[in-house]
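*Asks:* Structure in structure tokens, see below.
Protein chains: 4
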Amino acid sequence: MSKPMFPALAQFVAATAGRNMTKAAYVAVTVGVVSMVLLTLDPAYEAAHRWVDFLLWACLVYFVFEWLVRLRHMARQGRLGLYMSSSAGLVDALGALAVPVALVLGAEPKTAWLLSVLWVLKVVPGIPGLRQLRRVLVLESGPLLSVLVIFLMVVFLASVAEYFLERDVQPQTFGSVPAALWWAVVTLTTTGYGDVVPVTPLGRMVAALVMISGLGVFGLWTGILATGFAAETRRDNFLKTWESVSKVPFFAALGPAAIADVTHMLRTMELPARTMIIRKGAQGDCMYFIAAGAVEVDLPGKKVQLGEGAFFGEMALLGNNMRGANVSTTKVSRLLVLDLVDFRVLMARHPDLAETIDAEAKRRTLENK
Amino acid sequence: MSKPMFPALAQFVAATAGRNMTKAAYVAVTVGVVSMVLLTLDPAYEAAHRWVDFLLWACLVYFVFEWLVRLRHMARQGRLGLYMSSSAGLVDALGALAVPVALVLGAEPKTAWLLSVLWVLKVVPGIPGLRQLRRVLVLESGPLLSVLVIFLMVVFLASVAEYFLERDVQPQTFGSVPAALWWAVVTLTTTGYGDVVPVTPLGRMVAALVMISGLGVFGLWTGILATGFAAETRRDNFLKTWESVSKVPFFAALGPAAIADVTHMLRTMELPARTMIIRKGAQGDCMYFIAAGAVEVDLPGKKVQLGEGAFFGEMALLGNNMRGANVSTTKVSRLLVLDLVDFRVLMARHPDLAETIDAEAKRRTLENK
Amino acid sequence: MSKPMFPALAQFVAATAGRNMTKAAYVAVTVGVVSMVLLTLDPAYEAAHRWVDFLLWACLVYFVFEWLVRLRHMARQGRLGLYMSSSAGLVDALGALAVPVALVLGAEPKTAWLLSVLWVLKVVPGIPGLRQLRRVLVLESGPLLSVLVIFLMVVFLASVAEYFLERDVQPQTFGSVPAALWWAVVTLTTTGYGDVVPVTPLGRMVAALVMISGLGVFGLWTGILATGFAAETRRDNFLKTWESVSKVPFFAALGPAAIADVTHMLRTMELPARTMIIRKGAQGDCMYFIAAGAVEVDLPGKKVQLGEGAFFGEMALLGNNMRGANVSTTKVSRLLVLDLVDFRVLMARHPDLAETIDAEAKRRTLENK
Amino acid sequence: MSKPMFPALAQFVAATAGRNMTKAAYVAVTVGVVSMVLLTLDPAYEAAHRWVDFLLWACLVYFVFEWLVRLRHMARQGRLGLYMSSSAGLVDALGALAVPVALVLGAEPKTAWLLSVLWVLKVVPGIPGLRQLRRVLVLESGPLLSVLVIFLMVVFLASVAEYFLERDVQPQTFGSVPAALWWAVVTLTTTGYGDVVPVTPLGRMVAALVMISGLGVFGLWTGILATGFAAETRRDNFLKTWESVSKVPFFAALGPAAIADVTHMLRTMELPARTMIIRKGAQGDCMYFIAAGAVEVDLPGKKVQLGEGAFFGEMALLGNNMRGANVSTTKVSRLLVLDLVDFRVLMARHPDLAETIDAEAKRRTLENK
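Protein chains in written order, with the UniProt record's numbering: chain R, 1 to 369; chain B, 1 to 369; chain U, 1 to 369; chain D, 1 to 369.
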């Protein structure tokens with residue numbers, strides 16, 4: 001499995017050696033996986049097996065190459081061990097080695113290439129908010145585990161009961177406990193294929209109980225996750241926002257305690273350059289503070305620039321709630337969004353802030369006369 | 001497809017050109033869709049195809065007509081572009097053009113008319129609380145998306161695994177990855193048609209894992225939505241109520257900070273004229289403040305009128321909780337409802353308010369002696 | 001259908017004319033419904049049709065009788081109209097008239113008696129916490145309705161799509177939109193009977209989308225209900241507790257504002273006489289205040305009586321958390337339960353209360369030396 | 001069924017007579033249950049029936065033995081009655097007696113041994129967080145029960161309706177109300193086996209309603225559990241943490257009210273000896289207080305020991321959030337974890353604490369220069 005080493009390509013990959021997923025990688029994953037699927041579709045494969053094979057090999061080469069580049073990159077930084085033991089490192093290794101190893105071990109090609117499904121795992125680190133989900137699962141692992149144990153216990157007891165009740169009537173489907181286990185899982189998850197169904201009156205009563213407890217198990221599960229998630233969301237938002245808040249002079253006036261409050265009220269928004277934030281004439285239900293970057297207010301006569309620390313969109317919250325002008329970013333910006341509700345609560349708690357905003361609003365109205 | 005332009009009709013529609021749905025439109029949607037359904041029911045259609053065809057055409061004409069009227073209306077207001085790019089505008093256009101275009105493109109009529117199902121989309125903007133749901137979906141889109149990606153990844157890995165495990169035993173159902181994908185979706189959503197079922201022991205173990213993670217995915221989903229929804233509900237109620245609170249002199253005494261509290265305690269209620277709010281002898285668990293409109297208290301001897309800013313229903317919260325008299329609106333009114341629980345908390349926090357209410361209650365009792 | 005009027009029976013029923021369900025009524029409902037079920041079980045019915053018929057008639061007579069008694073009772077109190085228009089009144093009327101009317105109208109007896117299933121409705125008013133559930137459904141009706149509308153819209157669009165995609169391949173199952181609607185509902189609720197299953201690739205893609213949005217719809221639904229329920233639970237508990245709190249001298253010291261806090265911390269418990277509340281040697285994680293009734297502490301040497309306003313079980317919260325003695329009610333009692341967590345928060349916020357409790361605890365320890 | 005009494009074994013078990021599950025017991029449960037499963041797998045059993053029988057008997061002997069030992073142990077402590085009436089005692093008794101009794105009563109061996117499934121119940125008390133789940137179920141039992149009653153009522157009404165609508169078309173599946181009940185449960189739980197499916201238009205409408213209310217019932221259920229669970233989690237954590245907090249001098253400064261706050265912010269973590277808590281170079285989002293035990297900070301030059309009451313990991317929260325050194329426990333320890341979010345809120349509310357931490361941080365930085 002020879003592999004040419006074009007410097008250009010090397011540079012290109014080296015440049016992104018550190019990052020989790022490059023655009024190229026996304027393309028490779030998609031192409032590779034689609035080809036793998038086609039490989040299993042006999043008609044499609046017969047029609048275009050040359051192409052499919054070529055694409056699969058191309059993707060494989062790419063991933064092997066990417067992996068090697070990363071290994072070298074990490075080795076140079078002396079983080080080789082850390083990388084290889086990291087989940088990202090393992091996924092890269094799997095993606096690069098699984099198929100070749102299988103082929104070398106003499107697996108039937110069509111089967112070996114199925115392993116290229118592992119390439120999709122490369123996408124995982126890129127999933128938005130995955131960290132958040134993981135934290136919930138970790139923190140709530142205790143209760144979640146106990147629900148799982150309960151689940152398994154119900155499955156087990158139920159399947160033995162059904163085996164006892166149904167084995168004589170349906171020896172082929174309830175002929176052993178493992179067979180009954182299959183039924184129990186299918187039933188307790190309320191999937192209900194219908195391939196295995198109790199027919200004796202008693203068997204059906206047990207089944208009914210299993211279904212109902214299925215709802216219960218499920219409800220507990222959801223309840224736990226909902227609880228954990230609510231907490232996590234608040235936390236995540238707080239962390240994102242905290243840094244920025246202190247940077248906005250407007251809030252500097254507040255004591256640290258008040259800032260902690262305010263942080264819970266704000267939402268952070270990351271925007272690329274030249275993005276429209278406010279559309280003239282639209283309903284307005286929040287105001288914005290510029291934590292980083294800059295925006296341009298598109299007023300009738302002129303264009304006004306606002307930089308870090310400035311705020312805008314307050315007009316709509318004070319009087320009529322119609323946006324008076326278009327506003328869009330001029331560079332990559334981080335904005336803090338203050339919702340109408342929190343705006344009012346905040347103004348109520350801190351009259352001084354209310355005055356600052358009113359004053360500014362007045363000034364602007366006069367100016368734009 | 002010529003279209004007569006009766007001035008009367010024009011007026012009628014023009015009058016409602018701005019509104020989303022007129023009564024006529026609701027009728028048209030219902031009639032049109034029902035006819036479309038009948039069109040597909042061969043026996044019904046054979047029996048009354050003349051009528052069905054006529055109704056379908058009538059509805060189509062109506063929608064085309066409505067669309068044109070709106071176009072003209074918007075054009076006059078110079079909001080043509082805004083309207084045509086708005087979702088409402090697109091739905092109107094689809095409703096008016098889909099079927100004709102299909103017919104013109106020579107689609108078989110019975111098929112072309114199926115497109116009239118798009119008419120139901122006109123109902124969407126009228127759904128109560130839809131805005132609220134959309135906000136939840138937008139704000140929680142991050143986590144929801146990541147759950148979706150996890151969902152897809154599980155589906156994909158599972159289907160490849162099953163394809164590998166089952167293809168030899170059941171070539172017709174697990175003969176390719178796409179076929180296995182179908183099984184995976186049906187299973188992970190716990191739908192479980194039972195048309196495709198793994199039979200090998202390993203295949204069933206994988207399936208069991210898929211079902212259980214199905215519950216997990218679902219639980220996460222619900223957890224996220226529940227979290228988002230809780231926040232949204234509070235916000236929505238606050239916005240509805242805030243404006244009105246400040247208009248009620250009773251609360252004016254409170255400082256702005258306290259008003260923010262109170263707003264969280266109140267619920268807004270919009271009522272048409274001549275609606276009974278309180279029925280004599282019923283259990284009372286809340287009191288009312290009149291933010292707009294007026295009510296009439298039906299006392300033994302006389303009828304007492306209460307106008308904006310007044311409150312009523314406090315008696316039931318102070319002593320015995322039986323309503324003492326019928327109360328009903330005399331005109332369209334907006335009421336603020338203070339629940340028994342919040343009433344007590346509020347009275348506890350603001351003794352002055354408690355006194356005001358007690359005094360008023362006493363006065364009324366004397367008066368009505 | 002003549003009906004003897006034994007004074008004894010009349011008294012018996014009259015005594016309970018006001019109440020929703022008497023023990024007798026529960027028996028009648030159970031017996032009646034079971035007999036109705038047996039009526040449909042041919043073997044069972046052939047075996048004992050005489051008995052079944054007799055029981056059914058007996059129950060019917062009972063319900064007719066109960067209804068008449070209530071009518072008279074209400075008429076005397078001049079609340080006849082209120083009663084007949086109330087849900088309880090309607091259910092009573094249905095239970096009494098449905099079967100006879102059906103028989104009179106010449107319905108086949110076996111069918112007519114099926115209507116006796118309506119008797120189960122009499123149980124509804126007795127369901128614990130139903131009021132709470134209803135309030136949730138009412139308050140959240142807005143969002144719930146909009147989810148329902150979305151549900152129906154998805155069902156409708158999906159079924160038309162499937163009809164279009166599958167009608168040629170499976171004319172018998174997807175031969176008309178109504179047929180496809182059946183499939184859509186079965187799928188969107190993730191029930192998945194498997195009697196109607198799409199087979200075309202496109203049809204399956206649509207189906208997959210329907211299943212996934214099924215999870216979404218369901219998630220929203222649950223989210224809304226969870227939100228509403230959380231609020232309702234707090235409210236319900238507050239109302240149950242508030243009255244009692246003010247009656248306990250221990251809390252009288254606190255200002256009204258503090259009492260509102262405390263009320264949120266306490267849980268009310270209604271107990272019959274001679275019920276064991278605390279078992280010696282058990283783990284203790286809460287203390288009790290007697291709002292009404294009395295308890296007996298079973299100490300080594302003697303039995304100590306505690307009456308209204310007294311508290312007990314605090315020892316376990318102060319030092320070692322093992323219960324030191326058995327405590328049981330001597331008459332019907334209402335207790336306020338203060339959980340360990342809230343106990344600590346409360347003591348922290350109100351040192352004076354902490355002292356009162358410590359003092360009392362010390363006194364008791366000395367006394368019981 | 002004679003049973004030898006080796007002193008060694010006796011000691012071994014006696015040592016653990018008090019505990020719920022010993023390692024040996026876990027092994028016995030696993031082995032026993034697996035053998036029982038094999039017993040039902042004819043091929044497997046024929047292959048190794050000698051082994052299977054032997055293992056089953058061995059496990060049985062173990063459990064009988066364990067039970068007797070516990071009985072004696074409890075008898076000596078005079079807690080025999082308490083033990084035998086406790087759930088643990090009942091489970092032990094069942095595990096020891098069920099199979100023998102069945103065999104004595106002359107049940108067919110293969111059937112009698114099925115009762116060994118009861119052995120899994122011994123695992124229950126060991127499930128983490130089960131107490132928490134049980135508390136939720138107990139506290140929310142009211143609403144949960146009413147949902148259950150509603151569930152049963154819907155099932156019942158629906159099945160009678162379907163029986164009436166479908167009995168003529170499908171006498172074999174809807175031929176009696178009990179048969180229809182089976183359908184109703186399968187449908188309302190959205191399991192949907194598909195073995196019984198309504199075919200008449202009206203029957204399908206009823207079925208659709210049942211499915212939709214199935215979602216509703218389920219939603220309520222989940223909502224209730226989610227609500228209860230949220231409360232329980234907070235409580236559980238508070239109890240775990242409270243004791244420890246007061247032991248940490250750092251917090252002693254705070255008044256009791258503030259301590260109650262802090263307790264809600266902290267999370268308790270129990271760690272075995274020689275466990276790595278902080279890995280150098282990792283992201284840091286929390287700091288630790290040592291409630292019990294001791295840790296070792298692995299600094300470039302030296303190893304620093306920290307004992308009870310000390311805190312560490314604050315550096316990452318103050319400046320750059322990279323961990324500066326490895327930290328691991330030297331003995332079994334209980335740590336209090338303060339999350340970044342709560343850290344900031346806390347520092348904001350209590351500037352004095354902030355100073356203490358800053359001072360300490362400075363001191364350490366200088367020291368480690």
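All C-beta atoms, glycine included, are put in the ideal place defined by N, C-alpha and C.
This one's a predicted model, so the numbers in the text were calculated from it and none came from an experiment.
Are there three or more Cβ pairs, one per stretch, closer than 8 Å when the segment 316 to 326 of chain R is compared with the segment 268 to 286 of chain R?
*Replies:* Yes, the segment 316 to 326 of chain R touches the segment 268 to 286 of chain R.
*Asks:* What separation, rounded to the nearest whole angstrom, lies between the Cα atoms of R364 (chain D) and S244 (chain D)?
*Replies:* Numbered from its first residue, the fourth sequence carries residue 364 (chain D) at position 364. Numbered from its first residue, the fourth sequence carries residue 244 (chain D) at position 244. In a straight line, the C-alpha of R364 (chain D) is about 25 Å away from that of S244 (chain D).
*Asks:* Secondary structure at A75 (chain R), three-state DSSP: helix, strand or coil?
*Replies:* Translated into positions along the first sequence, residue 75 (chain R) becomes position 75. Of the three classes helix, strand and coil, the one that applies to A75 (chain R) here is helix, per DSSP.
*Asks:* What is the DSSP secondary structure of H350 (chain B), reduced to helix, strand or coil?
*Replies:* Within the second sequence, numbered from 1, the residue matching residue 350 (chain B) stands at position 350. DSSP places H350 (chain B) in coil when its eight states are reduced to three.
*Asks:* Does the segment 329 to 340 of chain R come close enough to the segment 286 to 303 of chain R that 3 or more CB-CB pairs lie under 8 Å?
*Replies:* Touching, per the Cβ criterion.
*Asks:* Would you mind giving the Cβ-Cβ distance between V206 (chain D) and A257 (chain D), rounded to the nearest angstrom? I have them listed as a contact below 8 Å.
*Replies:* What you label residue 206 (chain D) is simply residue 206 of the fourth sequence in a count that begins at 1. What you label residue 257 (chain D) is simply residue 257 of the fourth sequence in a count that begins at 1. Their Cβ separation, rounded to whole angstroms, is 58 Å, which puts V206 (chain D) and A257 (chain D) out of contact at 8 Å.
*Asks:* Would you mind stating whether E140 (chain R) and G194 (chain R) have Cβ atoms separated by less than 7 Å?
*Replies:* Here residue 140 (chain R) refers to the residue found at position 140 when the first sequence is read from its first residue. Here residue 194 (chain R) refers to the residue found at position 194 when the first sequence is read from its first residue. Not closer than 7 Å, so no.
*Asks:* Just how far apart, CA to CA, sit P198 (chain D) and D42 (chain D)?
*Replies:* Reading the fourth sequence from its first residue, position 198 is the one you call residue 198 (chain D). Reading the fourth sequence from its first residue, position 42 is the one you call residue 42 (chain D). Straight-line Cα distance between these residues: approximately 38 Å.
*Asks:* Residues bridged to E66 (chain D) by DSSP?
*Replies:* Against the fourth sequence, residue 66 (chain D) aligns to sequence position 66. Note: E66 (chain D) sits in no beta bridge, so no partner.
*Asks:* Which residues, taken in chain order from the segment 215 to 233 of chain R, show a beta carbon closer than 9 Å to some beta carbon of chain U?
*Replies:* Answer set for the segment 215 to 233 of chain R: G219, T222, G223 and A226.
*Asks:* I need the DSSP call for D339 (chain U), collapsed to helix, strand or coil.
*Replies:* Counted from its first residue, the third sequence places residue 339 (chain U) at position 339. Three-state result, D339 (chain U): strand.
*Asks:* Please work out which residues of its chain come closer than 7 Å, Cβ to Cβ, to T200 (chain R), disregarding the five sequence neighbours upstream and downstream, and give them in chain order.
*Replies:* Taking the first residue of the first sequence as position 1, residue 200 (chain R) is located at position 200. Only L165, E166 and V169 meet the Cβ criterion.
*Asks:* Excluding the 5 residues preceding and the 5 following L103 (chain D) in the sequence, name in chain order all residues of the same chain whose CB lies nearer than 6 Å to its CB.
*Replies:* For the purposes of this step, residue 103 (chain D) is identified with residue 103 of the fourth sequence, where counting begins at 1. The residues are A112.
*Asks:* Hey, does G203 (chain U) have any beta-carbon neighbour from chain R nearer than 7 Å?
*Replies:* Counting from one through the third sequence, the residue named residue 203 (chain U) turns up at place 203. No, because no Cβ of chain R sits closer than 7 Å to the Cβ of G203 (chain U).
*Asks:* How is the alpha helix (DSSP H) around Y163 (chain U) delimited, first residue to last?
*Replies:* Sequence index remark: in the third sequence, residue 163 (chain U) carries index 163 (1-based). First-last of the alpha helix (DSSP H) with Y163 (chain U): S141 to E166.
*Asks:* From the DSSP output, in three-state form, read off A291 (chain B) for me.
*Replies:* Here residue 291 (chain B) corresponds to residue number 291 of the second sequence, with the count starting at 1. In the structure shown, A291 (chain B) sits in a strand (DSSP, three-state: E or B).
*Asks:* Would you kindly work out how many angstroms separate the C-alpha atoms of R344 (chain R) and L148 (chain B), rounded to a whole number?
*Replies:* Sequence index remark: in the first sequence, residue 344 (chain R) carries index 344 (1-based). Sequence index remark: in the second sequence, residue 148 (chain B) carries index 148 (1-based). If you take the alpha carbons of R344 (chain R) and L148 (chain B), they lie about 35 Å apart.
*Asks:* What would DSSP say about K23 (chain R), mapped onto helix, strand or coil?
*Replies:* Counting from one through the first sequence, the residue named residue 23 (chain R) turns up at place 23. Reduced to three states, the DSSP call for K23 (chain R) is helix.
*Asks:* Run through the DSSP bridge pairs and tell me what R131 (chain D) is partnered with.
*Replies:* For this step, residue 131 (chain D) is matched to residue 131 along the fourth sequence. Bridge partners of R131 (chain D): none, in fact.
*Asks:* Applying the 10 Å Cβ sphere with the 16-neighbour rule, what's the burial state of M74 (chain D)?
*Replies:* Reading the fourth sequence from its first residue, position 74 is the one you call residue 74 (chain D). Looking at its Cβ environment, which holds 16 or more other Cβ atoms inside 10 Å, M74 (chain D) is buried.
*Asks:* Rounded to whole angstroms, what is the Cα-Cα separation between D236 (chain R) and M287 (chain D)?
*Replies:* Walking along the first sequence from the start, residue 236 (chain R) turns up at place 236. Walking along the fourth sequence from the start, residue 287 (chain D) turns up at place 287. D236 (chain R) and M287 (chain D): Cα-Cα distance of roughly 17 Å.
*Asks:* Determine the extent of the beta strand (DSSP E) in which R234 (chain R) is found, giving its start and end residues.
*Replies:* Indexing the first sequence from 1 puts residue 234 (chain R) at position 234. It is not in any beta strand (DSSP E) - R234 (chain R) instead sits in the alpha helix (DSSP H) that spans P201 to K247.
*Asks:* Could you check if S146 (chain D) is buried or exposed, using at least 16 other CB atoms within 10 Å of its CB as the buried criterion?
*Replies:* Within the fourth sequence, numbered from 1, the residue matching residue 146 (chain D) stands at position 146. It counts as buried.
*Asks:* Rounded to the nearest angstrom, how far is the Cβ of V117 (chain B) from that of L157 (chain U), given a contact under 8 Å?
*Replies:* As a working note, residue 117 (chain B) is residue 117 in the second sequence. As a working note, residue 157 (chain U) is residue 157 in the third sequence. Confirmed, Cβ separation roughly 6 Å.
*Asks:* Taking the DSSP output, what are the residues bridged to Q170 (chain B)?
*Replies:* Numbered from 1 along the second sequence, position 170 holds the residue referred to as residue 170 (chain B). The partner list for Q170 (chain B) (beta bridge, DSSP) is empty, contrary to what the question assumes.
*Asks:* 7 Å is my cut-off, CB to CB: does T190 (chain R) come that close to chain D?
*Replies:* Numbered from 1 along the first sequence, position 190 holds the residue referred to as residue 190 (chain R). At least one chain D Cβ lies under 7 Å of T190 (chain R).
*Asks:* Measure the beta-carbon distance from S328 (chain B) to I277 (chain B) and round it to whole angstroms, keeping in mind my assumption that it falls under 8 Å.
*Replies:* Counted from its first residue, the second sequence places residue 328 (chain B) at position 328. Counted from its first residue, the second sequence places residue 277 (chain B) at position 277. Going by Cβ atoms, the distance from S328 (chain B) to I277 (chain B) rounds to 6 Å, so yes, they are a contact pair.
*Asks:* Is the CB of V345 (chain D) under 7 Å away from at least one CB in chain R?
*Replies:* Reading the fourth sequence from its first residue, position 345 is the one you call residue 345 (chain D). Closer than 7 Å: yes.
*Asks:* Classify D53 (chain D) as helix, strand or coil using the three-state DSSP reduction.
*Replies:* In the fourth sequence, residue 53 (chain D) corresponds to position 53, counting from 1. Helix, per DSSP.
*Asks:* What residues from chain U crowd round Y193 (chain B), counting only those whose CB sits closer than 8 Å?
*Replies:* On the second sequence, position 193 is the one that residue 193 (chain B) refers to. What Y193 (chain B) touches in chain U: G192, Y193, G194 and V197.
*Asks:* Determine the direct distance from the alpha carbon of S176 (chain R) to that of V91 (chain D), and round the result to whole angstroms.
*Replies:* As a position in the fourth sequence, residue 91 (chain D) is number 91, starting the count at 1. As a position in the first sequence, residue 176 (chain R) is number 176, starting the count at 1. Going from the Cα of V91 (chain D) to the Cα of S176 (chain R) covers about 25 Å.
*Asks:* Could you pull the start and end residues of the alpha helix (DSSP H) that M265 (chain R) belongs to?
*Replies:* Start at 1 with the first residue of the first sequence, and residue 265 (chain R) comes out as number 265. Where M265 (chain R) is concerned, the enclosing alpha helix (DSSP H) stretches over P256 to M265.
*Asks:* How would you label L60 (chain B), buried or exposed, when you count the other beta carbons within 10 angstroms and need 16 or more for buried?
*Replies:* As a first step, residue 60 (chain B) must be located in the second sequence, where it is residue number 60. It counts as buried.
*Asks:* Should the segment 46 to 55 of chain R be regarded as contacting the segment 73 to 89 of chain R, the criterion being three or more beta carbon pairs within less than 8 Å?
*Replies:* The answer is no - the segment 73 to 89 of chain R does not touch the segment 46 to 55 of chain R, with fewer than three Cβ pairs under 8 Å.
*Asks:* At a Cβ cut of 8 Å, what residues of the segment 317 to 340 of chain R count as close to chain D, listed as they run along the chain?
*Replies:* Residues passing the 8 Å Cβ filter: none.
*Asks:* Identify the residues that DSSP records as bridge partners of I357 (chain R): which are they?
*Replies:* Along the first sequence, read from residue 1 onward, the residue named residue 357 (chain R) stands at position 357. Per DSSP, none; premise fails for I357 (chain R).
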